[in-house]
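Visitor: Per the numbering used here, the very first residue in the sequence shown carries number 1094; after that it's consecutive. The structure is given below, and queries will be raised subsequently.
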Amino acid sequence: MSNNAKRAVKIFDTTLRDGEQSPGCSMNIQEKLEVARRLEKLGVDVMEAGFPASSPGDLESVKTIAGIVKDCTVAGLCRSLEKDIDAGRESLAGAADPRIHIFLATSPIHMEYKLKMTPDRVLEQAVNSIKYARKFCSNIEFSAEDAFRSDPDFVCKVFGAVIAAGATTVNFPDTVGYAMPDEFGARIRYIKEHTPGIEKAYLSVHCHNDLGLAVANSLAAIENGADQAECTINGIGERAGNASLEEIVMALRVRRDYLNADTRIDATQIYAASRLVTQVTGVKVQPNKAIVGENAFAHEAGIHQHGVMVNRETYEIMTPESIGIPKNRMVLGKHSGRHAFEDRLKDLGYTVSAETLETVFAEFKTLADKKKVVSDRDIEALVMGASAAVPETYKLDHWAVNTGSSLGATGIIKLQHKDGVSRKEVAVGDGPVDAIFTAINEILGKKPELELYEIGAVTGGSTSQGETMVKIALNGRHWNGRGVSTDVLESSIKAYLSAINAMEWDLAAGAAKSPLREPLNESGV
Ligand code: KIV
Ligand code: ZN
């Protein structure tokens, strides 16, 4: 808590579960681990690492995350079924502070059509599952799925019964993002006032953003006594997403005077966490997104620029530094040594392994040769996600492209396979990127579909590094890749190869990404 007088609100991050399960946001295990480390650094109270029973890949990744995270609670989501709770137990066995998170729907529409269960059966199943989980875990959360569209008195009854059975947190989700802020706040107050034994448990909220109100609803709930807010980095999640962590945290921090509550989040880690999630999911945030959008701190209009120059507070209610946006300082050059580089990385909030440092330092030297002066943003672009990179099956040896306004494009590429064998291919294409990607596909003997190709500049100016994001798909599975280089074609090739390497690694390891999850039946019948 940055101010002792304020009420402490817990941040439950579900980027790796609700976020990751949404279309286009799947992550491989390396990426999940990198995000988990970032969340720990950010200071979340609870991180939901996945849904262990949903696929063997999920179970493995929850297990791996549980084994490395020490400074926060790690939760695994389970339906209210013994087989799910067993999977949760197995995956969280190595966690320093495990939490079993059990959910069961309580709204009339879910109970009748999805669960095909009476309210009494739902109550009984909820209580039995808590009692079962309680035998081996003392930290248990129960979520009444679609709580907002449920009969409030029924929710109070279910919450009271699960608390009596041993639940330590009860969560009230607006699963379909239907609530209005005043209404949601009033409902939370009602639940707090009418649930027997609520003083023995934390009351949590979990808001979806279908009407763009997830953050407003979460804040209204906090004002009315909620102890925990469930949210995701960049607001990723099912459909229109979940409440965005950075918006909740900064609203509480900037308006502590009004909301009288705060979190233990280290806000200076927000920007790096947001960039990492963008990079590993390939899902960019809109430029005008609050807190982490490209324009969130940009002052284009002359009158605003003038005001900010005279006194920042004329148009700024928080500073870019407060969320850890690196000042775009020109910091290092080609004579800078490894120590200066490592120190700069530390100042920017990155701690990397010796191996990653080696790779990133070599890339920095190449960049410094080309650019003369390297900025914080450049360094950040090099290091971002480097630890999430999978071992390379294919390494870029060299490439060349011949193109022009009246010519077709021809690409030549030479790749080195990890077994040491090099192969060269030439291909023509509809433009240089198509030509070079086709040549890569020839070497692979596979033709993944290019679902997304996006290129942007890391800094301003024509010497800026180009940053490319790609998404590829093969047989219903998806992989992301990112590349940076002062040459935009090289950044495209690097991005494509990083996605290809992620694909090859996944296919070799048989590690499943979320699209292979089976549709799940919640009632277990
Ligand atoms: O939206 C929802 O209801 C959920 C629950 C599983 C907590 O994600
Ligand atoms: Zn949800």
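Glycine is no exception: its CB is placed at the ideal position from the N, C-alpha and C atoms.
1. Kindly identify the DSSP beta-bridge partner or partners of residue 1323.
2. Does residue 1614 pass the burial test, meaning 16 or more other C-beta atoms within 10 Å, or should it be called exposed?
3. Note down, in chain order, each residue of its chain lying with its Cβ closer than 7 Å to the Cβ of residue 1484, except the 5 sequence neighbours on either side.
4. Just curious, the alpha helix (DSSP H) that residue 1347 is in, first and last residue?
5. Whole beta strand (DSSP E) runs in the stretch 1190-1260 with 3 or more residues, listed along the chain?
6. On the premise that residue 1416 lies in contact with residue 1343, defined as a C-beta separation below 8 Å, what is that separation, rounded to the nearest angstrom?
7. Taking C-alpha atoms, which residue in 1137, 1337, 1330, 1297 lies nearest to residue 1318?
8. For residue 1247, is the beta carbon positioned less than 8 Å from some heavy atom of ligand 1?
9. What beta strand (DSSP E) runs, 3 residues minimum, are completely inside the stretch 1543-1594?
10. Is the beta carbon of residue 1579 closer than 9 Å to that of residue 1553?
11. Please report how far the alpha carbon of residue 1099 lies from the alpha carbon of residue 1454, in whole angstroms.
12. Could you tell me if the beta carbon of residue 1149 falls within a distance shorter than 8 Å of some heavy atom in ligand 2?
13. Helix, strand or coil for residue 1539? Go by DSSP, reduced to three states.
14. Is residue 1304 a contact residue of ligand 1, with contact defined as CB to any heavy atom under 8 Å?
15. Under 8 Å from any heavy atom of ligand 2, does the C-beta of residue 1355 make it?
16. Would residue 1291 pass as a contact of residue 1256 if the rule is Cβ separation under 9 Å?
17. Compute the Euclidean distance between the alpha carbons of residue 1521 and residue 1470, then round it to the nearest angstrom.
18. Where are the alpha helix (DSSP H) runs, 4 residues long or more, that stay fully inside the stretch 1356-1429, in chain order?
19. If the criterion is Cβ atoms closer than 9 Å, does the pair residue 1228 and residue 1184 meet it?
20. Keeping to the same chain, check which residues put their C-beta closer than 7 Å to that of residue 1052; ignore five residues upstream and five downstream.
21. Where are the alpha helix (DSSP H) runs, 4 residues long or more, that stay fully inside the stretch 1119-1191, in chain order?
22. Report back the beta-carbon spacing between residue 1128 and residue 1107 to the nearest angstrom; my notes put them in contact at under 8 Å.
23. Excluding the 5 residues flanking residue 1607 on each side, which residues of the same chain have their C-beta closer than 7 Å to its C-beta?
24. Assign residue 1110 to buried or exposed, taking buried as 16 or more other Cβ atoms, counted over all protein chains shown, within 10 Å of its Cβ.
25. Where does residue 1232 land, buried or exposed, given buried means 16+ other C-beta within 10 angstroms?
26. Quick one, are the C-beta atoms of residue 1583 and residue 1563 less than 9 Å apart?
Guide: Per the coordinate set shown:
1. Position 230 of the sequence shown, counted from the start, is the residue given in the question as residue 1323. Note: residue 1323 sits in a beta bridge opposite 1105, 1299.
2. One-based indexing of the sequence shown puts residue 1614 at position 521. Residue 1614 comes out exposed.
3. Taking the sequence shown and counting its residues from 1, the one referred to as residue 1484 is at position 391. Cβ within range, chain order: 1598.
4. Counted from its first residue, the sequence shown places residue 1347 at position 254. Its alpha helix (DSSP H) spans residues 1338-1347.
5. 1191-1198, 1233-1238
6. What you label residue 1343 is simply residue 250 of the sequence shown in a count that begins at 1. What you label residue 1416 is simply residue 323 of the sequence shown in a count that begins at 1. Residue 1343 to residue 1416, Cβ: 7 Å. Contact.
7. Here residue 1318 corresponds to residue number 225 of the sequence shown, with the count starting at 1. For residue 1318, the nearest C-alpha among the options comes from 1297.
8. Taking the sequence shown and counting its residues from 1, the one referred to as residue 1247 is at position 154. Because no heavy atom of ligand 1 lies under 8 Å away, the Cβ of residue 1247 does not count as near it: no.
9. 1559-1567, 1570-1578
10. Here residue 1553 corresponds to residue number 460 of the sequence shown, with the count starting at 1. Here residue 1579 corresponds to residue number 486 of the sequence shown, with the count starting at 1. It is not a contact, given that the beta carbons lie outside the stated cut-off.
11. Looking up residue 1099 in the sequence shown gives position 6. Looking up residue 1454 in the sequence shown gives position 361. Going by the C-alpha atoms only, they are around 43 Å apart.
12. Mapped onto the sequence shown, residue 1149 falls at position 56. The answer is no for residue 1149.
13. Locating residue 1539 in the sequence shown gives position 446, where the first residue counts as 1. If DSSP states are grouped into helix, strand and coil, residue 1539 belongs with coil.
14. Numbered from 1 along the sequence shown, position 211 holds the residue referred to as residue 1304. Residue 1304: no, Cβ never under 8 Å from ligand 1.
15. Along the sequence shown, one-based indexing puts residue 1355 at 262. No, the Cβ of residue 1355 stays beyond 8 Å of every heavy atom of ligand 2.
16. Counting from 1 along the sequence shown, the entry for residue 1291 is found at position 198. Counting from 1 along the sequence shown, the entry for residue 1256 is found at position 163. For residue 1291 and residue 1256, yes; Cβs fall inside 9 Å.
17. Against the sequence shown, residue 1521 aligns to sequence position 428. Against the sequence shown, residue 1470 aligns to sequence position 377. Approximately 35 Å between the Cα atoms of the pair.
18. 1363-1374, 1395-1403
19. Position 135 of the sequence shown, counted from the first residue, corresponds to residue 1228. Position 91 of the sequence shown, counted from the first residue, corresponds to residue 1184. Result no, Cβ atoms of residue 1228 and residue 1184 do not sit closer than 9 Å.
20. Beyond the ends of the chain as shown, which are 1094 and 1618, falls residue 1052; an answer cannot be given.
21. 1122-1135, 1149-1161, 1175-1185
22. For this step, residue 1128 is matched to residue 35 along the sequence shown. For this step, residue 1107 is matched to residue 14 along the sequence shown. Rounded, the Cβ-Cβ distance is 12 Å, inconsistent with contact.
23. Mapped onto the sequence shown, residue 1607 falls at position 514. Low per-residue confidence applies at residue 1607: pLDDT is 42, beneath 50, and the placement is therefore not dependable, though the value from the model is reported in the following sentence. The residues are 1113, 1114, 1119.
24. Along the sequence shown, one-based indexing puts residue 1110 at 17. Under this definition residue 1110 is a buried residue.
25. Reading the sequence shown from its first residue, position 139 is the one you call residue 1232. When all chains shown are included, residue 1232 counts as buried.
26. Here residue 1583 refers to the residue found at position 490 of the sequence shown. Here residue 1563 refers to the residue found at position 470 of the sequence shown. Cβ distance not < 9 Å, so residue 1583 and residue 1563 don't count as in contact.
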